[in-house]
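Student: According to numbering that gives the first Met the number 0, the stretch in the sequence shown is residues 0 to 124, in order.
Think of the CB as a built atom: it goes at the ideal place given N, C-alpha and C, for glycine as much as any other residue.
My questions will all concern the structure given below.
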Amino acid sequence: MAAKKKSQQELDRQQMTEYLELANELEKVKEEYGVVEEPTKLERIVNWVYSIVYAREKRLVSRKKYIWLALLTGWCGGHRFYTHQYKTAVLYLVLFWSGFPIAMTIVDLMIALPMKPDENGMILM
């Protein structure tokens, strides 16, 4: 039984290696012939959301103030306004009724709470 699993894993590894080699070869051929693939609608939407939420310049903010703002005004994006993340803050403000900002604020707090502040109590957000 163990030998069968091991041979199956080897086969999976070989198939994956073969697939990756073929994918790389396909990319080279596309580059060679100048084939440009247009992103699908879903890819464009995901890229747009990513650019709003994550593609931004980080800045130093007071850890205590950020956490308090997230706790008290996270439902409307107050902590995002504080960090100058205006696009996301407006999104939180527009969707405050849906519960989405509260869920995202919990994620923001899970990111900020374990961060160690510097000697001035600042964190990079």
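(1) Can you check DSSP and say which residues form a bridge with residue 123?
(2) When we look at the beta-carbon of residue 58 and count the other beta-carbons within 10 Å, is it buried (16 or more) or exposed?
(3) Counting Cβ pairs, one atom from each stretch, are 3 or more of them under 8 Å apart for the stretch 69 to 83 and the stretch 97 to 108?
(4) Nearest by alpha-carbon distance to residue 50: which of 28, 84, 29 is it?
(5) Please determine, among 99, 32, 47, the residue with the shortest C-alpha to C-alpha distance to residue 39.
(6) Mind checking whether residue 116 and residue 74 have CB atoms under 9 Å apart?
(7) On a CA-only basis, which of 93, 104, 21 is nearest residue 65? Give me that one, please.
Tutor: From the atom records:
(1) Its beta-bridge partners are 59.
(2) An exposed status is given to residue 58, since fewer than 16 other beta-carbon atoms sit within 10 Å of its beta-carbon.
(3) Yes, they touch.
(4) 84
(5) Among 99, 32, 47, the Cα nearest to that of residue 39 is on 47.
(6) No.
(7) 104
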